[in-house]
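Colleague: First to last, the sequence lines map onto chains A and B. The first sequence begins at 1 in UniProt numbering and counts up one residue at a time. The second sequence begins at 1 in UniProt numbering and counts up one residue at a time. A virtual CB, placed ideally from N, CA and C, is assigned to each residue, including glycine.
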Amino acid sequence: MVEMVNRPYASAFEAFAVKNPDVLCLSADLTSSCEIDGFRDRHPDQFLSLGMAEQNMMSFAGGLGLAGYRPFLHSFGVFLYRRPYDQLMASVAYPRRKVRLMGFLPGITTPGGMTHQAIEDVAVMRSIPNMSILETGDATEVESICEAADSIDGPVYCRVLRGSIPRLFDTPIRVGEMRELALGADVLVVTSGIATEEALRARDALSNAGVSIRHLHIHTIKPFNEQALLDHIGSVSKGVVVLENHVITGGVGSLVAEIMADNGVGKPLVRLGLNDTYAHGGSRGYLMKHYGLDAGALVRGIERIIGASTGIDEEALASARVDAVHSAVKAEAL
Amino acid sequence: MRNKRSTEEVALGIRRRVFEHSMRNNGGYLSQACSAAEQLAFLYNEALNLGEPVLPAVPKPFAGVPSADNPDYVTGAGYNGPFEPQYDRLFIAPAHYALVAYATLIETGRMDAEGLEMFNKDGSSVEMIGAEHSPGMEVHNGTLGIGLSTGAGLAFGRKRRGDTGEVCVFMSDGEVQEGQTWEAVQAAAHHGIDNLWALMDVNDQQCDGAMDSVMEVRDIKAKFSAFGAVCVEIDAHDLGAMRQAKDEPHKGQPLIILARSSPTKGMSFLQKRFPRLHYVRFKSEEERADMNKSIAAELGIEPVELEAH
Chain A
1 MVEMVNRPYA SAFEAFAVKN PDVLCLSADL TSSCEIDGFR DRHPDQFLSL
51 GMAEQNMMSF AGGLGLAGYR PFLHSFGVFL YRRPYDQLMA SVAYPRRKVR
101 LMGFLPGITT PGGMTHQAIE DVAVMRSIPN MSILETGDAT EVESICEAAD
151 SIDGPVYCRV LRGSIPRLFD TPIRVGEMRE LALGADVLVV TSGIATEEAL
201 RARDALSNAG VSIRHLHIHT IKPFNEQALL DHIGSVSKGV VVLENHVITG
251 GVGSLVAEIM ADNGVGKPLV RLGLNDTYAH GGSRGYLMKH YGLDAGALVR
301 GIERIIGAST GIDEEALASA RVDAVHSAVK AEAL
Chain B
1 MRNKRSTEEV ALGIRRRVFE HSMRNNGGYL SQACSAAEQL AFLYNEALNL
51 GEPVLPAVPK PFAGVPSADN PDYVTGAGYN GPFEPQYDRL FIAPAHYALV
101 AYATLIETGR MDAEGLEMFN KDGSSVEMIG AEHSPGMEVH NGTLGIGLST
151 GAGLAFGRKR RGDTGEVCVF MSDGEVQEGQ TWEAVQAAAH HGIDNLWALM
201 DVNDQQCDGA MDSVMEVRDI KAKFSAFGAV CVEIDAHDLG AMRQAKDEPH
251 KGQPLIILAR SSPTKGMSFL QKRFPRLHYV RFKSEEERAD MNKSIAAELG
301 IEPVELEAH
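(1) Measure the C-alpha to C-alpha separation of residue 352 of chain B and residue 13 of chain B and round it to an integer number of angstroms.
(2) Can you give the Cα-Cα distance for residue 34 of chain B and residue 28 of chain A, rounded to whole angstroms?
(3) Taking the runs of the beta strand (DSSP E) that are 3 residues or longer, which of them lie wholly in the segment 235 to 265 of chain A?
(4) Would residue 125 of chain A and residue 92 of chain A be called neighbours here (beta carbons separated by less than 8 Å)?
(5) Could you pull out every unbroken alpha helix (DSSP H) segment of at least 4 residues lying fully inside the segment 189 to 244 of chain B, listed in chain order?
(6) So residue 219 of chain A packs on residue 137 of chain A, CB below 8 Å; how close in whole Å?
(7) List the residues of chain B that residue 60 of chain A touches, going by C-beta distances under 8 Å, in chain order.
(8) Have a look at residue 226 of chain B and residue 72 of chain B and give me their C-alpha separation to the nearest angstrom.
(9) Considering only the beta carbon of each residue, do residue 24 of chain A and residue 48 of chain A sit closer than 8 Å?
(10) Hey, is residue 20 of chain A's beta-carbon within less than 8 Å of any beta-carbon in chain B?
(11) For a minimum of 3 consecutive residues, which ranges assigned as the beta strand (DSSP E) are wholly contained in the segment 148 to 182 of chain A?
(12) Beta-carbon within less than 7 Å of residue 160 of chain A's beta-carbon, same chain only, minus the 5 sequence neighbours each way: which residues are those?
(13) Along the segment 45 to 69 of chain B, what residues have a CB closer than 8 Å to any CB found in chain A?
(14) With a threshold of 8 Å between beta-carbons, can residue 216 of chain B be considered close to chain A, or not?
(15) For my contact list, residue 194 of chain A and residue 109 of chain A are in at a C-beta cut-off of 8 Å; report their separation, rounded to the angstrom.
(16) Judging by CA-CA distance, which residue of A/127, A/238 and A/120 is the nearest neighbour of residue 245 of chain A?
(17) To the nearest angstrom, how far is it from the Cα of residue 110 of chain B to the Cα of residue 101 of chain B?
(18) With distance defined between alpha-carbon atoms, name the residue in A/98, A/184, A/273 and A/186 nearest to residue 192 of chain A.
(19) Counting Cβ pairs, one atom from each stretch, are 3 or more of them under 8 Å apart for the segment 213 to 233 of chain B and the segment 287 to 300 of chain B?
(20) What separation, rounded to the nearest whole angstrom, lies between the Cα atoms of residue 238 of chain B and residue 303 of chain B?
(21) Does any C-beta atom of chain A lie closer than 8 Å to the C-beta of residue 1 of chain B?
(22) Can you tell which of B/276, B/64 and B/235 has the C-alpha that lies nearest to the C-alpha of residue 209 of chain B?
(23) So what's residue 146 of chain A in DSSP terms, helix, strand or just coil?
(24) May I ask you to report which of helix, strand or coil DSSP gives residue 4 of chain B?
(25) According to DSSP, is residue 34 of chain B part of a helix, a strand, or is it coil?
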């Protein structure tokens, strides 16, 4: 069975921050919700509470950056870019301050509904000059997100998973790269974040149905290795499916579409994610199924590319969950 | 470099220079020079410990925006002296006061008068709304309300490092309409950021007119005190009061000096424009000539030689 890791961010941030005295831990009243309560209690000198006041926190962080510190801002993703967007632009992004935005609850990974769901954050952040974007898809990536973010010379926005998280990979995030999880020849599947686990669920069923999948996991959304993507697209015969925990406008699907269009790649592309809609409150499983973000939606997308039914039903996908996942790690070494 | 001239002389020089520039360029931020001349003169000429400028007296052209592949990018901070632990830093939060701030740099010997000729010219770093790369501007502040937060962050960081230099934010009173200002004060007070102080030009004016008509802000001294600052209210044109206010003890708290100013001080002619003083343009050649004559006389200079339009 796949290993589940509990609260990997908590220990990873603490281990990282204590080694880096110029890293300051900033919180906007979501300290335990962002798994930094233990850090606050054990390292109060490196912790700064800024209250429910994200506009000030953002510009304050810009000032800390000017003073040579590397603040890690902890909040739910939505609260790091929706209200303080102007402050993010003027105080952080423009001057390229080394401010690390640790955004929890990406997409529909919260039952909190619209106000808590960062469904367009990638689109917003992609359009900001100087901004980098990382996204975590498993426990190992959460464990390595601090090092990866702090290696970036400028501001970075991270979609961070919290709570109990599966371990899918055994190597840390390497900024600017992508994970090659399968190297099949029919359809290229591009996933990020929690969508990757869904694609892994579908893989055996697709293989049994005779569909050969090439699967990329994206943890670095910006900067992006365009040529690597083009090479993978060139290696499949049918087309590309992107599945992401985000609106399909401006996210990874748009990124892939732009690269294909810019380079005159004339292959079919299916983008799966929230399609011009908000979500509402509910469990992750319910929301992923309801809004077409799960393994079943991916299979239907692949069927659109190949123009045929695979015969894979929900039952097949449910039974496929996910004892083969750890073998996906091995796929990295292909 | 400091105190070659009295602060009164510098203040008069700022008004004269902004007036002359505005007459030649068919308008400008005259009112801000009226209200803030003593304040900016005070900051640069005596209150701040800045050190010699480290950027050329004649500003270089705009060198591009910050990006990973633009090593030429510089901010305008160097006109306020080197970024070293013992020196103070100054943020001009209302970036539209840039013309007044540039005039102050010239009057205190930090920039050549030639620098003002580049004001609002394409390709120049001497921008109309002071940008991060404009002389004397250290960070972007064009959005009102972000200056005090950035100052608080920098001050916290500097205090943590043991720097002796303080952080000063020159503010405008319209900024109290922004929620972020109050977030910043409460954070600075909560974290005991007492190497931070602000001088606020309280001229009761904003873009749409008199503040009371746009958005009543009530007793801001009481509000600043309630949010945790030490707050002192003075006459903005009384340098003795300003000096005394700067010396107000504020251990463990930020200091906010509310400088109650006249938006037409030294240029009484502008009272005819009240309450629309945010940016003064001439309505006619006749008005321009009248203004030229009247304000020049009040400032004790000859009228500006004007080219016909």
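Modeller: The relevant details are as follows:
(1) In the structure displayed, chain B extends from 1 to 309; residue 352 of chain B sits before or after that span and is not available.
(2) Position 34 of the second sequence, counted from the first residue, corresponds to residue 34 of chain B. Position 28 of the first sequence, counted from the first residue, corresponds to residue 28 of chain A. Taking the straight line joining both Cα atoms gives about 40 Å.
(3) 239 to 247
(4) What you label residue 125 of chain A is simply residue 125 of the first sequence in a count that begins at 1. What you label residue 92 of chain A is simply residue 92 of the first sequence in a count that begins at 1. Cβ atoms of residue 125 of chain A and residue 92 of chain A: not closer than 8 Å.
(5) 211 to 214 and 220 to 226
(6) Within the first sequence, numbered from 1, the residue matching residue 219 of chain A stands at position 219. Within the first sequence, numbered from 1, the residue matching residue 137 of chain A stands at position 137. Confirmed, Cβ separation roughly 6 Å.
(7) Working through the first sequence from its first residue, we reach residue 60 of chain A at position 60. The contacting residues are 149, 150, 152, 153, 156, 184 and 187.
(8) If you number the second sequence from 1, residue 226 of chain B lands on position 226. If you number the second sequence from 1, residue 72 of chain B lands on position 72. Spanning the two alpha carbons is a distance of roughly 44 Å.
(9) Indexing the first sequence from 1 puts residue 24 of chain A at position 24. Indexing the first sequence from 1 puts residue 48 of chain A at position 48. For residue 24 of chain A and residue 48 of chain A, yes; Cβs fall inside 8 Å.
(10) For this step, residue 20 of chain A is matched to residue 20 along the first sequence. Not closer than 8 Å to any Cβ of chain B, the Cβ of residue 20 of chain A fails to qualify, so no.
(11) 156 to 160 and 164 to 166
(12) The sequence position of residue 160 of chain A within the first sequence is 160, counting from 1. Closer than 7 Å at Cβ, skipping near neighbours: 9, 102, 103, 104, 136, 142 and 145.
(13) 65, 66, 67 and 68
(14) Taking the second sequence and counting its residues from 1, one reaches residue 216 of chain B at position 216. Not an interface residue.
(15) Against the first sequence, residue 194 of chain A aligns to sequence position 194. Against the first sequence, residue 109 of chain A aligns to sequence position 109. Their Cβ separation, rounded to whole angstroms, is 6 Å, which keeps residue 194 of chain A and residue 109 of chain A in contact under 8 Å.
(16) Within the first sequence, numbered from 1, the residue matching residue 245 of chain A stands at position 245. If we check each option's Cα against that of residue 245 of chain A, A/120 comes out closest.
(17) Here residue 110 of chain B corresponds to residue number 110 of the second sequence, with the count starting at 1. Here residue 101 of chain B corresponds to residue number 101 of the second sequence, with the count starting at 1. If you take the alpha carbons of residue 110 of chain B and residue 101 of chain B, they lie about 11 Å apart.
(18) Indexing the first sequence from 1 puts residue 192 of chain A at position 192. It is A/273 whose Cα lies nearest to the Cα of residue 192 of chain A.
(19) no
(20) For the purposes of this step, residue 238 of chain B is identified with residue 238 of the second sequence, where counting begins at 1. For the purposes of this step, residue 303 of chain B is identified with residue 303 of the second sequence, where counting begins at 1. If I take the Cα positions, the gap works out to 27 Å.
(21) Here residue 1 of chain B refers to the residue found at position 1 of the second sequence. Caution applies to residue 1 of chain B, whose pLDDT of 49 falls short of 50 and renders its modelled position unreliable; the value that the coordinates give is listed next. Cβ-Cβ to chain A under 8 Å: no for residue 1 of chain B.
(22) In the second sequence, the residue the question calls residue 209 of chain B occupies position 209. Checked all of B/276, B/64 and B/235; the closest Cα to residue 209 of chain B is B/276.
(23) Within the first sequence, residue 146 of chain A is the residue found at index 146, counting from 1. It is helical.
(24) Locating residue 4 of chain B in the second sequence gives position 4, counting from the first residue. In the structure shown, residue 4 of chain B sits in coil (DSSP, three-state: anything other than H, G, I, E or B).
(25) Numbered from 1 along the second sequence, position 34 holds the residue referred to as residue 34 of chain B. Three-state DSSP puts residue 34 of chain B in a helix.
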